[in-house]
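Colleague: Here it is, the structure, as structure tokens.
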Amino acid sequence: AQSVAQPEDQVNVAEGNPLTVKCTYSVSGNPYLFWYVQYPNRGLQFLLKYITGDNLVKGSYGFEAEFNKSQTSFHLKKPSALVSDSALYFCAVRDNRGSTLGRLYFGRGTQLTVWP
Amino acid sequence: GAGVSQSPSNKVTEKGKDVELRCDPISGHTALYWYRQSLGQGLEFLIYFQGNSAPDKSGLPSDRFSAERTGGSVSTLTIQRTQQEDSAVYLCASSLDGWERTEAFFGQGTRLTVV
Numbered sequence: 020a021q022s023v024a025q026p027e028d029q030v031n032v033a034e035g036n037p038l039t040v041k042c043t044y045s046v047s048g049n050p051y052l053f054w055y056v057q058y059p060n061r062g063l064q065f066l067l068k069y070i071t072g073d074n075l076v077k078g079s080y081g082f083e084a085e086f087n088k089s090q091t092s093f094h095l096k097k098p099s100a101l102v103s104d105s106a107l108y109f110c111a112v113r114d115n116r117g118s119t120l121g122r123l124y125f126g127r128g129t130q131l132t133v134w135p
Numbered sequence: 016g017a018g019v020s021q022s023p024s025n026k027v028t029e030k031g032k033d034v035e036l037r038c039d040p041i042s043g044h045t046a047l048y049w050y051r052q053s054l055g056q057g058l059e060f061l062i063y064f065q066g067n068s069a070p071d072k073s074g075l076p077s078d079r080f081s082a083e084r085t086g087g088s089v090s091t092l093t094i095q096r097t098q099q100e101d102s103a104v105y106l107c108a109s110s111l112d113g114w115e116r117t118e119a120f121f122g123q124g125t126r127l128t129v130v
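Chains A and B supply the protein sequences, listed in that same order.
Counted from 1, the first sequence has number 45 at position 26 by my numbering; the numbering is strictly sequential.
Counted from 1, the second sequence has number 102 at position 87 by my numbering; the numbering is strictly sequential.
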């Protein structure tokens, strides 16, 4: 079955430090991978995606993510965290084969808190 | 409009009543998704429309839930005989083409409270 796992419910970092939010996936074929961010009482906002090509993809607000096929991971990173980065982050994978073609699977989300 | 629009933003209903939630996708987007987000939970897939193809309804939790998409644009999610466990934020998203490499854009959601 297709699935996405975010092993950490919460990540806490100090402002200015690097941050990593982890994501692993299980999907048939070549995955299309996405990261979204949700601020309080808001909908989800797209951050970045991996479709093909360079394993390191860059997105909005200085975020980047590294696709690792052998480890089936797509961890979200930022070199220097800001307090304003505090939000709920979701990893997602799109199923691109089979009877569930096109469906988007989401992880449970990771609450990122950046303290001053 | 420029983004995905959902209405109402908030809905309080009595147990046993029917509710309809509306989603206006981004113009030209052929793929439309409905998800449910309960407090402290991730996004639960409900239903997926792609163009004129038969929708993927496999995520609907019971036969009290149904959804339609008229003219390939606006979608309505209907919950009949609402129960307290239906209380959640219902999110709609659309993408240019669900079978291509495009990201989905989400609306602000409808917060449903069943009392």
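Ideal Cβ positions, reconstructed from N, Cα and C, are used throughout, including at glycine.
Bear in mind the structure is a predicted one, so any value in this text is a computation, not a measurement.
Rounded to the nearest angstrom, what separates Thr128 (chain B) and Leu54 (chain B) at their Cα positions?
Modeller: Each residue's Cα considered, the two are about 12 Å apart.
Colleague: Could you pull out every residue in the same chain whose Cβ sits closer than 8 Å to the Cβ of Phe121 (chain B), ignoring the five residues on either side in sequence?
Modeller: These residues qualify, in order along the chain: Val19, Leu106, Cys107 and Ala108.
Colleague: Specify the secondary structure class of Val104 (chain B) as computed by DSSP and reduced to three states.
Modeller: Three-state result, Val104 (chain B): strand.
Colleague: Is Val56 (chain A) a contact residue of the ligand FAD, with contact defined as CB to any heavy atom under 8 Å?
Modeller: Summarising the ligand content, the structure contains no ligands, and the ligand FAD is consequently not present.
Colleague: In the DSSP output, what is His94 (chain A) paired with across the bridge?
Modeller: Paired residue(s): A:Glu85.
Colleague: Name the chain A residues that come within less than 9 Å of Phe80 (chain B), Cβ to Cβ?
Modeller: Residues of chain A passing the Cβ test: none, with the nearest at roughly 17 Å.
Colleague: Excluding the five sequence neighbours on either side, which residues of its own chain have a C-beta within less than 8 Å of the C-beta of Lys68 (chain A), listed in chain order?
Modeller: Hits under 8 Å: Tyr51, Leu52, Phe53, Trp54, Val76 and Gly78.
Colleague: By Cβ distance, which residues of its chain are closer than 7 Å to Ala23 (chain A), with the 5 residues on each side in sequence left out?
Modeller: Note that residue 23 (chain A) is Val in the sequence shown, not Ala. Cβ neighbours of Val23 (chain A) beyond the five flanking positions: Cys42, Tyr44, Cys110, Ala111, Val112, Tyr124, Phe125 and Gly126.
Colleague: Against chain B, does Lys96 (chain A) count as a neighbour if the rule is that its beta carbon must be under 9 Å from one of theirs?
Modeller: Chain B contact via Cβ: absent.
Colleague: Counting only Cβ-Cβ distances shorter than 7 Å, please list the residues of the segment 71-104 of chain B near chain A, keeping chain order.
Modeller: Listed by position along the chain: Asp71.
Colleague: Quick one: grab the DSSP three-state call for Tyr80 (chain A).
Modeller: In this structure, Tyr80 (chain A) counts as helix in the three-state DSSP scheme.
Colleague: Would Val129 (chain B) count as contacting chain A if we go by Cβ distances under 9 Å?
Modeller: It does not: the Cβ of Val129 (chain B) has no partner Cβ on chain A nearer than 9 Å.
Colleague: With H, G and I counted as helix, E and B as strand and the rest as coil, what does DSSP make of Asp136 (chain A)?
Modeller: Given a span of 20 to 135 for chain A in the structure shown, any question on residue 136 (chain A) remains unanswerable.
Colleague: Under 9 Å, do Cys38 (chain B) and Ser73 (chain B) count as touching if we go by C-beta distance?
Modeller: In this structure, Ser73 (chain B) does not lie closer than 9 Å to Cys38 (chain B) by Cβ.
Colleague: Among the residues of its own chain, which have a CB less than 6 Å from the CB of Ile70 (chain A), if the five just before and after it don't count?
Modeller: Tyr51, listed in sequence order.
Colleague: Give a yes or no on whether the minimum CB-CB distance between Leu101 (chain A) and chain B is below 9 Å.
Modeller: Not one chain B Cβ lies under 9 Å of Leu101 (chain A).
Colleague: Does the beta carbon of Leu36 (chain B) sit closer than 9 Å to a beta carbon anywhere in chain A?
Modeller: With 9 Å as the cut-off, Leu36 (chain B) does not count as an interface residue toward chain A.
Colleague: Relative to chain B, which residues along the segment 51-63 of chain A have a C-beta separation below 8 Å, given in chain order?
Modeller: Of all residues in the segment 51-63 of chain A, Tyr51, Phe53, Tyr55, Arg61, Gly62 and Leu63 have a Cβ within less than 8 Å of some Cβ in chain B.
Colleague: When the Cα of Thr129 (chain A) is compared with those of B:Leu58, B:Gln21, B:Trp49 and B:Lys26, which residue comes out closest?
Modeller: Comparing Cα-Cα distances from Thr129 (chain A) to each of B:Leu58, B:Gln21, B:Trp49 and B:Lys26, the minimum goes to B:Leu58.
Colleague: On the DSSP bridge assignment, give the partners of Tyr51 (chain A) in chain order.
Modeller: Per DSSP, A:Arg113.
Colleague: For a contact meaning CB atoms closer than 7 Å, what does Ala119 (chain B) contact in chain A?
Modeller: Per Cβ cutoff of 7 Å: Leu123.
Colleague: Which first and last residues belong to the beta strand (DSSP E) in which Leu47 (chain B) is found?
Modeller: Ala46 to Gln52 is the extent of the beta strand (DSSP E) around Leu47 (chain B).
Colleague: What's the gap between the Cα of Gly62 (chain A) and the Cα of Gly124 (chain B)?
Modeller: One C-alpha to the other measures close to 6 Å.
Colleague: Lys96 (chain A) and Val32 (chain A) - do their beta-carbons sit closer together than 9 Å?
Modeller: No, Cβ-Cβ distance for Val32 (chain A) and Lys96 (chain A) is not below 9 Å.
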